[in-house]
Amino acid sequence: MSGLKFLLLEDSLLDAELIHALLTESGIGCDLLQVTTQAEFQTALNQDGFDLILSDYALPGFDGITALGMAQRHCPDIPFIFVTATMGEEVAIETLKSGATDYVLKQRLERLVPSVRRALREAQYRRTCKMAEAELYRREQEFRALAENSPDAITRIDGELSYCYVNPATEKSTGIPLERWIGKTVAAIGYPKGFSTIWEAKLRQVFATGVGCWMEFDVPSQKGRIYYQARIVPEYAPDGSVQSLLNIARDVTEYKLAEQALRESEAQLRQQKEELERASQIKDEFLAVSFHELRSHSTRFSVGQKYYVPVSWTQ
C-alpha cells in the first residue's frame, strides 16, 4: 500500500511519530497530516482527499465524539479509527454506534496495522459497491427512458414467471391496464390456457439455458386478435445466474393481416386462372368437335354430286 493520505488528530507529537513509523514499517506508505485543534481539523476536512482518519479521543478543549460527528457530516465514507490511551467499554460501543470504524488502545498499538488494513479494504469495497450501484442506477434509468418511449411492448419477468415491469406500449397494445400485469403470470392475467402453457415453457427454457429465443404468437384482445414477434433475452445477476427475462414484443398485426390478404388475393388469382384455363379448354374442345362435325357434313354433301363449272372459269 502506498500513495495514501491519512489525517491524524493527535496533540502528542511523540505519539504521532510513533504511529507514522509503525504504519511505514508495516508497508503502509502514507502522507500523514497531523492536526491538534478543532479548527485545524475542520480546515483539513475541507481539503478532502483523505483515505483514512485517525483520532485521539481525549483532546484539550475537544473530544473524539465531536470530531467523529464533524467527519461524518463532511466525509461519511472515509473510515474513522480512534487511537487513544483510555476508552471504556461503554464509550467504545457508543463510538462504534456513532459511525467509528474501529478503536485501538495506545497500549496495544500492534492492533493498529490490522485495523487500518481492514478499514481500507472495507472502504474500497464500499466505494466499489457504490460505483456499481451508481452504474446500475444509470443503466436502469437509460433502460426506462428507452422502454417508456418505445413503440414496442417491453416487459420484465422474474423467476416466478410473473411480470415485474411493463412499459406503456404494452398497455396500449393489449388494452390491459399496467396494474393488472405486475406480480402476475400470463395465466393469472387471463390469457388462454393453450397460449399460457406454451409461453411459460419458453420462459422456463430461457431461465434454464441462459440462451435467448425468438417467438411468434397471437393472442386475443379487446381490439381483436393481435400478432406479435417477440425476443426473450436473459438478464444476469452478479453471480452469473439468470435473475430475470426481458421480453421485447413487436406488434406485427398489420403486417400479418396484409400477408394474409396477399395470400388470399394470390389464391383468388390462381382460382381465376384455373377457371380461365378450364373455360379455354372447354372452348377448344367445343370448337374441335364443331369443326369435326362440319367437315363430316361437307363430305356427305359432296359425294355423288355433279359440279358445273361455268365456261368463263375455264377460259
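In our numbering, each residue's number is its place in the sequence shown (first place is 1) plus 36. Idealized CB from N, CA, C, for every residue including glycine. The structure displayed is predicted, hence computed values, not measured ones.
Query                                                                                              : Result
DSSP beta-bridge partners of residue 251                                                           : 266
Length of the line joining the Cα atoms of residue 172 and residue 199                             : 20 Å
Proximity winner among 190, 224 and 196, relative to residue 268 (alpha-carbon distances)          : 190
Nearest-angstrom Cα separation, counted from residue 331 out to residue 349                        : Residue confidence is low: residue 349 scores 47 on pLDDT, short of 50, so the model does not pin down where it sits. Its coordinate-derived value is still stated next. Cα to Cα, residue 349 sits roughly 26 Å from residue 331.
Buried/exposed call for residue 219, threshold 16 Cβ in 10 Å                                       : exposed
Burial state of residue 351 (16 or more Cβ within 10 Å)                                            : Unreliable placement is indicated for residue 351, whose pLDDT of 47 sits below 50; no coordinate value is reported for it.
Short CB-CB distance (under 9 Å) between residue 126 and chain D                                   : Here chain D cannot be found, since the structure has a single protein chain.
Reference residue 86; option with closest CA among 48, 160 and 49                                  : 160
Candidates 92, 179 and 64, of which the one nearest residue 77 by Cα                               : 92
Test item: CB-CB of residue 214 and residue 221 under 9 Å                                          : no
Inter-residue Cα distance where the pair is residue 202 and residue 217                            : 7 Å
Bounding residues of the beta strand (DSSP E) (the contiguous stretch that carries residue 280)    : 278-287
Residue(s) in a DSSP beta bridge with residue 91                                                   : 45 and 118
Close beta carbons around residue 50, own chain, < 6 Å, minus the five adjacent residues each side : none
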